[in-house]
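A short worksheet on the structure shown next.
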Amino acid sequence: MRLLMAGSPGSGKGTHSRRLSNCLGIPHISTGDLLREQVALGTPLGLNAKAFMDRGDYVPDEVMVGMIKDRLADPDADRGFIIDGFPRTVTQADALDKMLADLGQSIDAVIVLEVPVEEMVRRLSGRRTCPTCQRSYHMDDDPPADDERCNDDNTPLERRSDDEPETVRHRLKVYSERTAGVIEHYDTDSVVKRINGEADIDEVHRRIDEALGISGSAVRPPVQSG
Ligand code: AP5
Ligand code: MG
23 MRLLMAGSPG SGKGTHSRRL SNCLGIPHIS TGDLLREQVA LGTPLGLNAK
73 AFMDRGDYVP DEVMVGMIKD RLADPDADRG FIIDGFPRTV TQADALDKML
123 ADLGQSIDAV IVLEVPVEEM VRRLSGRRTC PTCQRSYHMD DDPPADDERC
173 NDDNTPLERR SDDEPETVRH RLKVYSERTA GVIEHYDTDS VVKRINGEAD
223 IDEVHRRIDE ALGISGSAVR PPVQSG
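Position one of the sequence shown corresponds to residue 23 (my numbering), numbered consecutively onward.
What follows is the structure, given as structure tokens:
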């Protein structure tokens, strides 16, 4: 399956992409995670991107298109993928169309998680993230087993630098101005699956399964890494 996971900041893209990736055995490709890896490595790309990310602005299209093109060339993407957080602009959507056409591939579904703004703000204010594997937790709704450490690799959890309330508000504004319209790019292809994401995580996962026509992946235990 080749899936795009879309939705506002805090809508649950990472949470559900990770679950689907474990269940379907296809890679989860998050542009936010790829950028944070570059920031952590201190590469020129990462240092340049950090300024945009800390403000809650988008990183320039040419950087993002190059990043996805390189990632889709990795062998594990041959068997399918879930791309989380790309495309976010019409330019990125056009570039992805071209990349996939060149590979003789197409998108099977665009999952759009729809969550009210106040709930997204609540989720982001309680989020903690693992800096090693990028897994997200919520201290009330999806807490780690051991207080403030990642279940998968035991790394101490952190708060993302762009989860400050002021930056969250800006990210939500940028999304509604620049990305909400990108969904229309796919509407004509009847691949868009709009999911009401205002429910607990298992129920949202069940709704995604139903929309994709796969059953029971919500109840399978996630594959542990390491
Ligand atoms: P990115 O990392 O993609 O951030 P985002 O889009 O703002 O989305 P988030 O990762 O914050 O939220 P999410 O939807 O993944 O939610 P999560 O599952 O964590 O991008 C970061 C930055 O990188 C961008 O601002 C931009 O600068 C740059 N960038 C990335 N891609 C780009 C591109 N294509 N073009 C240009 N720039 C780009 O869940 C959130 C919280 O809610 C968690 O705590 C989770 O545990 C909890 N939760 C999830 N689901 C539920 C539920 N059903 N009930 C209760 N709690 C829930
Ligand atoms: Mg995410």
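All C-beta atoms, glycine included, are put in the ideal place defined by N, C-alpha and C.
Asked, Found
"Alpha-carbon spacing of V213 relative to M23, whole angstroms", "12 Å"
"Span separating the alpha-carbon of G126 from that of V137", "34 Å"
"Between the CA atoms of N44 and K120 - distance to the nearest angstrom", "28 Å"
"Any non-hydrogen atom of the ligand MG within 7 Å of G36 CB", "yes"
"For R242, three-class secondary structure by DSSP", "Residue confidence is low: R242 scores 45 on pLDDT, short of 50, so the model does not pin down where it sits. No coordinate-derived value is stated."
"Closer than 8 Å to chain D by CB, A233", "Of the protein chains in the structure, only one exists, and it is not chain D."
"Under the three-state DSSP convention, the category E186 falls into", "coil"
"Any non-hydrogen atom of the ligand AP5 closer than 7 Å to V143 Cβ", "no"
"Contact check, L179 vs T151, beta carbons under 8 Å", "yes"
"Candidates G235, G68 and T53, of which the one nearest K91 by Cα", "T53"
"Contact test: A73 Cβ vs the ligand AP5 heavy atom, cutoff 7 Å", "no"
"Proximal residues to D162 (C-beta, below 6 Å), its chain only, five neighbours per side dropped", "G148"
"Cα-Cα separation, R242 to T37", "Because the pLDDT at R242 is just 45, under 50, the model does not fix this residue reliably, and the value given afterwards should be weighed accordingly. So the two alpha carbons sit approximately 15 Å from each other."
"Where F74 sits in the DSSP three-state scheme", "helix"
"Chain-order list of residues whose beta-carbon lies under 8 Å from that of K215 (same chain, five-residue window excluded)", "A131, V132, I133, V134, I230, A233 and L234"
"One or two residues paired with T151 in a DSSP bridge", "S158 and E180"
"When L46, D168 and R110 are compared against D98, the one with the closest alpha-carbon", "L46"
"DSSP three-state assignment for N218, whether helix, strand or coil", "strand"
"Assumed close pair D185, L146 - CB separation to whole angstroms, cut-off 8 Å", "5 Å"
"8 Å CB neighbourhood of D168 in its chain, flanking five on each side removed", "N176"
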